[in-house]
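K.L.:
Input: one structure, supplied below.
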Amino acid sequence: MDQDGEWIRGCLAGESAAWESLLKTYTRKIYNLCYRFTGKVEDADDLTQEVFVKVFQTLRSFDHAQGSFSTWLHRVARNHLVDHYRRTRKDRMTTSLEDDAGRAEQHPSPAAGPTALLEARERREQLQRALDQLSPDLREAVVLRDFEDLDYAEIAQVLGVPAGTVKSRINRGRLELARVLKRMEGM
Amino acid sequence: MTHLEVENLASDYLEGQLDGGRQAAFEAHLEGCGPCRELLAGVRHALELCREAERLEPRPWLIHKILLATVGEPKPGWGERLGQFFRPVLQPRVAYPIAMSVFTFSMLVNAAGLNLRHLRLEDLDPRTWVERVNRQGHLVYARAEKFCYDLRVVYDMESRWKQLRRQPQVQQEERPSTPAGGSSLQAVPDPTMAERAPEGGFRSEGGRSQMP
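Chains C and H supply the protein sequences, listed in that same order.
Counting from 1, position 47 in the first sequence corresponds to residue 51 in our numbering; the numbering is continuous, with no gaps.
Counting from 1, position 17 in the second sequence corresponds to residue 26 in our numbering; the numbering is continuous, with no gaps.
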């Protein structure tokens, strides 16, 4: 049995150390996924916590035979993010795109110079703004493929759609992202 | 190949998933189509940006917050509890006296001849302890005394043996050298000795000394 399987068994037996190990392994992945979907650090914090609370409550329903834990975790996270997207649709319509100055507040690397940090931050913000302009279907496909590095079969499992649809969404998402980025760079 | 086909196959082309024939057709179209080349360059750029995008680090307290929301305050295990309990005892100022006490106790137990695996009721009586310690002390003293005596005997014998071995050599050195050509067990009287005898108070007559 793999490491994830042992941790899950430990979690089900009530071992908090196993749950902590699982958290330490996957928090960063889910946090980044949430950030790519929402574009806000605060929302990513809250959503990551909510996702893991949900995972903790539904861990018994995980079936190793139906796929890896990572895929299952991404599916749970994705479903939660879609719910969150639907819940906050009204709020988003009243929120201006520029009203997110602190969205990419990150921990700067001490080795990088201030100019490099500023440029990296600008690139990151631009990419995130471009991602925000994609439709949720295309965005989630692009994020899972190009940021989370999942393969087509895993994405198909996470999204619950055929592999052909995944391929098509990823391609359309990339084309759309390229167009948006070009438009933004020309501004 | 049409523009629409190029659009649909852009990702496959960039990921190297097109077979030979289609790839050739794709590249042939790109050579003659500026907008499609531009589109492909844009997609490639977007892909690079996505793949180069650095992963964000969650804030340090996030895992702790999630743990609090799921399993609550982490409970210390048995090992941690025992560690906490014995932490004051493990300090050198406490550990050293404890170690010395254990050492002393083990010496006393050993001296008292107690077998901790088969303790009897009388073993718990302090008088028994004193008696045993006393007996043990006397035994040790007697053994030490005997050892010293044995050593003395050994040294004595050794020195006598050395003396005995040295004696014949001394006798040989003291015996005068025999002249060549004959044996003379009887020593030749020394005329100087005869002259000196009256001064010393002894007179020698035929090898015998007489009192004045």
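We put the CB at the ideal spot given by N, CA and C, even for glycine.
Just so it is clear, the structure is predicted and the values come from calculations on it, not from any experiment.
Within 8 Å, do at least three Cβ pairs link the stretch 66-86 of chain C to the stretch 144-163 of chain C?
P.N.:
Touching, yes.
K.L.:
Within the continuous alpha helix (DSSP H) that includes Asn17 of chain H, where are the two ends?
P.N.:
Start at 1 with the first residue of the second sequence, and residue 17 of chain H comes out as number 8. His12 to Leu23 is the extent of the alpha helix (DSSP H) around Asn17 of chain H.
K.L.:
Between Thr79 of chain H and chain C, is there a C-beta pair that is closer than 7 Å?
P.N.:
As a working mapping, residue 79 of chain H is identified with position 70 in the second sequence. True, the Cβ-Cβ gap to chain C drops below 7 Å.
K.L.:
Distance, Cα to Cα, Leu192 of chain C vs Leu65 of chain H?
P.N.:
Limits of chain C in this structure are 5 at one end and 191 at the other, which puts residue 192 of chain C out of reach.
K.L.:
Using beta carbons (cut-off 7 Å, strictly below), is Trp76 of chain C in contact with chain H?
P.N.:
Sequence index remark: in the first sequence, residue 76 of chain C carries index 72 (1-based). Taking Cβ atoms only, chain H never reaches closer than 7 Å to Trp76 of chain C, which makes this a no.
K.L.:
Hey, would you say Arg173 of chain C sits closer than 7 Å to Leu135 of chain C, going by beta carbons?
P.N.:
Indexing the first sequence from 1 puts residue 173 of chain C at position 169. Indexing the first sequence from 1 puts residue 135 of chain C at position 131. Contact flag unset, no.
K.L.:
Relative to chain H, which residues along the stretch 33-57 of chain C have a C-beta separation below 8 Å, given in chain order?
P.N.:
The stretch 33-57 of chain C vs chain H, Cβ under 8 Å: Tyr35, Asn36, Tyr39, Val45, Ala48, Asp49, Thr52, Gln53, Phe56 and Val57.
K.L.:
Using the Cα positions of Ile75 of chain H and Glu54 of chain C, report the straight-line distance between them to the nearest angstrom.
P.N.:
Within the second sequence, residue 75 of chain H is the residue found at index 66, counting from 1. Within the first sequence, residue 54 of chain C is the residue found at index 50, counting from 1. Looking at the two C-alpha atoms, the distance is approximately 8 Å.
K.L.:
According to DSSP, is Phe94 of chain H helix, strand or coil?
P.N.:
As a first step, residue 94 of chain H is located in the second sequence; it is residue number 85 there, counting from the start. It is helical.
K.L.:
If you pair each beta-carbon of the stretch 169-185 of chain C with each one of the stretch 144-152 of chain C, do three or more pairs fall below 8 Å?
P.N.:
Taking 8 Å as the limit for Cβ pairs, the verdict is that the stretch 144-152 of chain C does touch the stretch 169-185 of chain C.
K.L.:
Among the residues of its own chain, which have a CB less than 8 Å from the CB of Leu49 of chain H, if the five just before and after it don't count?
P.N.:
By 1-based counting over the second sequence, the position of residue 49 of chain H is 40. Closer than 8 Å at Cβ, skipping near neighbours: Val15, Ala19, Tyr22, Leu23 and Leu39.
K.L.:
Mapping the DSSP letters down to three states, classify Lys44 of chain C as helix, strand or coil.
P.N.:
By one-based count along the first sequence, residue 44 of chain C stands at place 40. If DSSP states are grouped into helix, strand and coil, Lys44 of chain C belongs with coil.
K.L.:
Give the residues from the stretch 147-176 of chain C that approach chain H closer than 7 Å (Cβ to any Cβ), ordered along the chain.
P.N.:
Answer in chain order: Asp150, Phe151, Ile174 and Asn175.
K.L.:
Threshold first: 4 residues or longer. Then list the alpha helix (DSSP H) segments lying entirely within the stretch 123-172 of chain C, N to C.
P.N.:
Correct list: 140-146 and 156-163.
K.L.:
With distance defined between alpha-carbon atoms, name the residue in H:Gly43, H:Asp132, H:Met10 and H:Gly41 nearest to Arg31 of chain H.
P.N.:
On the second sequence, residue 31 of chain H is found 22 positions in, with the first residue counted as 1. Comparing Cα-Cα distances from Arg31 of chain H to each of H:Gly43, H:Asp132, H:Met10 and H:Gly41, the minimum goes to H:Met10.
K.L.:
Shorter than 7 Å from the beta carbon of Arg64 of chain H to some beta carbon of chain C?
P.N.:
By 1-based counting over the second sequence, the position of residue 64 of chain H is 55. Closer than 7 Å: yes.
K.L.:
Using a Cβ cut-off of 7 Å, pull out every chain C residue sitting near Val52 of chain H, in sequence order please.
P.N.:
Along the second sequence, read from residue 1 onward, the residue named residue 52 of chain H stands at position 43. Those within 7 Å of Val52 of chain H in chain C are Arg178, Leu179 and Ala182.
K.L.:
If we call anything under 7 Å between Cβ atoms a contact, is Ser20 of chain C one with Val139 of chain H?
P.N.:
Within the first sequence, residue 20 of chain C is the residue found at index 16, counting from 1. Within the second sequence, residue 139 of chain H is the residue found at index 130, counting from 1. No.
K.L.:
Select from C:Thr42, C:Lys58 and C:Gly18 the residue whose C-alpha is nearest the C-alpha of Arg91 of chain C.
P.N.:
Counting from one through the first sequence, the residue named residue 91 of chain C turns up at place 87. Ranking the options by Cα distance to Arg91 of chain C, first place goes to C:Thr42.
K.L.:
Determine the burial state of Leu130 of chain H: buried for a count of at least 16 other Cβ atoms within 10 Å of its Cβ, exposed for fewer.
P.N.:
Residue numbering aside, residue 130 of chain H sits at position 121 when the second sequence is read from its first letter. Exposed: under 16 other Cβ atoms inside 10 Å.
K.L.:
Please report how far the alpha carbon of Glu169 of chain H lies from the alpha carbon of Val163 of chain H, in whole angstroms.
P.N.:
As a working mapping, residue 169 of chain H is identified with position 160 in the second sequence. As a working mapping, residue 163 of chain H is identified with position 154 in the second sequence. In the sequence on display, residue 169 of chain H carries Arg and not Glu. Approximately 10 Å between the Cα atoms of the pair.
K.L.:
Which chain A residues are close to Leu13 of chain H, counting only those with a beta carbon under 9 Å from its beta carbon?
P.N.:
No chain A is present in this structure, whose protein chains are C and H.
K.L.:
Does Leu185 of chain C have its Cβ less than 7 Å from a Cβ in chain H?
P.N.:
In the first sequence, the residue the question calls residue 185 of chain C occupies position 181. Closer than 7 Å: yes.
K.L.:
Within the 7 Å Cβ cut-off, does Ala105 of chain C reach chain H?
P.N.:
As a working mapping, residue 105 of chain C is identified with position 101 in the first sequence. Caution applies to Ala105 of chain C, whose pLDDT of 44 falls short of 50 and renders its modelled position unreliable; the value that the coordinates give is listed next. False, the Cβ-Cβ gap to chain H never drops below 7 Å.
K.L.:
In whole angstroms, what is the alpha-carbon distance linking Leu91 of chain H and Ala104 of chain H?
P.N.:
Counting from 1 along the second sequence, the entry for residue 91 of chain H is found at position 82. Counting from 1 along the second sequence, the entry for residue 104 of chain H is found at position 95. Leu91 of chain H and Ala104 of chain H: Cα-Cα distance of roughly 16 Å.
K.L.:
Three-state secondary structure (DSSP) at Asp50 of chain C?
P.N.:
As a working note, residue 50 of chain C is residue 46 in the first sequence. In this structure, Asp50 of chain C counts as helix in the three-state DSSP scheme.
K.L.:
Kindly indicate the opening and closing residues of the alpha helix (DSSP H) around Ala37 of chain H.
P.N.:
Locating residue 37 of chain H in the second sequence gives position 28, where the first residue counts as 1. Element bounds for Ala37 of chain H: Gly29 to Gly41.
K.L.:
Let me know the secondary structure DSSP gives Leu133 of chain H once reduced to three states.
P.N.:
On the second sequence, position 124 is the one that residue 133 of chain H refers to. Looking at Leu133 of chain H - three-state DSSP - the assignment turns out to be helix.
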